[in-house]
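Peer 1:
Number of protein chains: 2
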Amino acid sequence: MLETIVERLQEAGHRLTKPRMAVLQVLETGGEHLSPAEILARGQAIYPALSRATVYRTLELLSELGLLRLIHPGEQRSSVACVAMHHHGHHHLLCIHCGCMIPFEECVVGELEATLSQRLGFEIKGHLLEFYGLCKECRGHQKVEQ
Amino acid sequence: MLETIVERLQEAGHRLTKPRMAVLQVLETGGEHLSPAEILARGQAIYPALSRATVYRTLELLSELGLLRLIHPGEQRSSVACVAMHHHGHHHLLCIHCGCMIPFEECVVGELEATLSQRLGFEIKGHLLEFYGLCKECRGHQKVEQ
DNA sequence: GCATTAATTGAGACTTTGTCTCAATTATAT
DNA sequence: ATATAATTGAGACAAAGTCTCAATTAATGC
Chain H
21 MLETIVERLQ
31 EAGHRLTKPR
41 MAVLQVLETG
51 GEHLSPAEIL
61 ARGQAIYPAL
71 SRATVYRTLE
81 LLSELGLLRL
91 IHPGEQRSSV
101 ACVAMHHHGH
111 HHLLCIHCGC
121 MIPFEECVVG
131 ELEATLSQRL
141 GFEIKGHLLE
151 FYGLCKECRG
161 HQKVEQ
Chain E
21 MLETIVERLQ
31 EAGHRLTKPR
41 MAVLQVLETG
51 GEHLSPAEIL
61 ARGQAIYPAL
71 SRATVYRTLE
81 LLSELGLLRL
91 IHPGEQRSSV
101 ACVAMHHHGH
111 HHLLCIHCGC
121 MIPFEECVVG
131 ELEATLSQRL
141 GFEIKGHLLE
151 FYGLCKECRG
161 HQKVEQ
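Respectively, the protein sequence lines represent chains H and E.
To convert, note that position 68 of the first sequence is 88 in my numbering; the numbers rise steadily by one, no gaps.
To convert, note that position 59 of the second sequence is 79 in my numbering; the numbers rise steadily by one, no gaps.
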């Protein structure tokens, strides 16, 4: 996985620097939902001089290469950066009351993806399917609280 | 449409203030993809004293009532706030190169929504389906540019 | 291994976004 | 009209993200 990314970076003529490698390492081991701030913190554990600017630059670079996709950047409470290295798509439910996030596996976009891709000439690299509403618990509390 | 929202606000015991009405008016006429900053600017054209805090507070309120959903808050280049008043779902393709956004109408989540809702006890109020990749034009340019 | 060179970096200033507090205002019920 | 509690604007604050520039460093060719 990391190897693939490294290859694609080099193919595209980018250098394999230590700060960059630190970010990649964090992304590989950190799961799909890290915020830039978390990536910075974890990255500095590997390469202490790592700067915020470099984290953003690396994320942007990977993004341009289609290896990664930031979702909900800037959002604070919930997880923020979402890595598309692991899967092609991301699926979850978000509670608009407590902010909790429940992932699910079912993917129903395959056919649609092909249709859209063809119709619009779009090269699709990934997707995000997100439902929002009230989770089981908040559904009950809702009326009592307010 | 605006009437519905006004009703739901009052039902829930919230006041119909001028700043709030200004925001609602902007949301009603501004389409589905306004950023909080844009909402503030347009709102101030209607009610000059409108403050940023009030915009955020109103968006949060509407969000809690399930009338609205902010997507990609904090993101700068592309549109940010996404209003769920108009439709139940939002569907678009995002180009990771130029940032353009192409909406589409097809919705394939109905059945899945019912399944998840039942399985997890989640009360689903809306959804976002977003594909990302390269648009027709960027797909061509990509290799030439770099 | 060593020098060259262009890409990359860190630091930190800066901008923008979002949150919070508090005194002043205002919509609503009476 | 008055009382009262919700709502507001201002502005301080915090966090997120961008940008510049001089210093560093990875890759290339020797």
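Note that the Cβ used here is the ideal one computed from N, Cα and C, for glycine as well.
List the residues of chain H whose Cβ lies closer than 7 angstroms to the Cβ of K156/E, in chain order.
Peer 2: Chain H residues near K156/E: L140, G141, F142.
Peer 1: Distance check for A42/H and R62/H, CA to CA, integer angstroms please.
Peer 2: 9 angstroms
Peer 1: What is the DSSP secondary structure of I144/H, reduced to helix, strand or coil?
Peer 2: strand
Peer 1: Within the 9 angstroms Cβ cut-off, does Y76/E reach chain H?
Peer 2: Answer no: the Cβ-Cβ gap between Y76/E and chain H never drops below 9 angstroms.
Peer 1: Ordered along the chain, which non-local residues of its own chain (more than five positions away) have a Cβ less than 6 angstroms from that of P68/H?
Peer 2: none
Peer 1: What does a CB cutoff of less than 8 angstroms around L22/H pick up in its chain, not counting 5 residues either side in sequence?
Peer 2: Excluding sequence neighbours, L22/H sits near L44, Q45, E48.
Peer 1: Measuring straight from C-alpha to C-alpha, what distance separates S71/E and L148/H?
Peer 2: 33 angstroms
Peer 1: Answer yes or no: do L113/E and L140/H have a C-beta to C-beta separation smaller than 9 angstroms?
Peer 2: yes
Peer 1: Let me know if T78/E comes out buried or exposed under the rule of 16 or more other beta-carbons within 10 Å of its beta-carbon.
Peer 2: buried
Peer 1: Please confirm if T135/E has its CB atom under 9 angstroms from at least one CB of chain H.
Peer 2: yes
Peer 1: Between K163/H and A32/H, what straight-line distance do the alpha-carbon atoms span, to the nearest angstrom?
Peer 2: Note that K163/H scores a pLDDT of 45, beneath 50, so its modelled location is shaky; the value from the coordinates is reported in the next line. Using only the alpha carbons, I get a separation of about 55 angstroms.
Peer 1: Assign H108/H to one of three DSSP states: helix, strand, or coil.
Peer 2: Secondary structure of H108/H (DSSP, three-state): coil.
Peer 1: Relative to the alpha-carbon of I144/H, which residue among G86/H, E52/H, P56/H has its alpha-carbon at the smallest distance?
Peer 2: I144/H has its Cα closest to that of G86/H, out of G86/H, E52/H, P56/H.
Peer 1: State yes or no: is the C-beta of G153/E within less than 9 angstroms of the C-beta of G109/H?
Peer 2: Taking 9 angstroms as the Cβ cut-off, G153/E and G109/H do not qualify as a contacting pair.
Peer 1: Identify every residue that forms a DSSP beta bridge with G50/E.
Peer 2: The partner list for G50/E (beta bridge, DSSP) is empty, contrary to what the question assumes.
Peer 1: For chain E, is any of its Cβ atoms less than 9 angstroms away from the one on R40/H?
Peer 2: no
Peer 1: Using the C-alpha atoms, what's the distance from C155/H back to S98/H?
Peer 2: Because the pLDDT of S98/H is 44, which lies under 50, any placement of that residue in the model is unreliable, and the number read from its coordinates should be weighed accordingly. For the pair S98/H and C155/H, the Cα-to-Cα distance works out to about 15 angstroms.
Peer 1: Which residue's Cα is closest to the Cα of Y76/E: Q64/E, A57/E, S137/E, M121/E?
Peer 2: A57/E
Peer 1: When Cβ atoms are compared, which residues of the region 105-131 of chain E fall closer than 7 angstroms to chain H?
Peer 2: Contact residues of the region 105-131 of chain E toward chain H are L113, I116, H117, I122, F124, E126, V128, V129 (C-beta to C-beta distance below 7 angstroms).
Peer 1: Does L36/E pass the burial test, meaning 16 or more other C-beta atoms within 10 Å, or should it be called exposed?
Peer 2: exposed
Peer 1: Would you report the Cα separation of I66/H and G50/H, rounded to the nearest angstrom?
Peer 2: 13 angstroms
Peer 1: Which word fits P123/E, buried or exposed, when buried means at least 16 other C-beta atoms lie within 10 angstroms of its C-beta?
Peer 2: exposed
Peer 1: Classify Q96/H as buried or exposed, calling it buried when 16 or more other Cβ atoms lie within 10 Å of its own Cβ.
Peer 2: Reliability fails at Q96/H, whose pLDDT of 49 lies under 50, so the model's placement of it is uncertain and the value that follows must be treated cautiously. When all chains shown are included, Q96/H counts as exposed.
Peer 1: Identify which residue in Q64/E, S55/E, R28/E has its Cα closest to the Cα of L90/E.
Peer 2: S55/E
Peer 1: Whole angstroms are fine: how far does the CA of H111/H sit from the CA of F151/E?
Peer 2: Cα atoms of F151/E and H111/H: separation of roughly 12 angstroms, rounded to the nearest angstrom.
Peer 1: What residues in its chain sit with their C-beta under 8 angstroms from that of E133/H, if we drop five residues either side in the sequence?
Peer 2: I144, H147
Peer 1: Beta-carbon within less than 6 angstroms of H34/E's beta-carbon, same chain only, minus the 5 sequence neighbours each way: which residues are those?
Peer 2: none
Peer 1: Could you check if E27/E is buried or exposed, using at least 16 other CB atoms within 10 Å of its CB as the buried criterion?
Peer 2: Per the 10 Å Cβ criterion, exposed.
Peer 1: So, helix, strand or coil for C120/H, using DSSP?
Peer 2: coil
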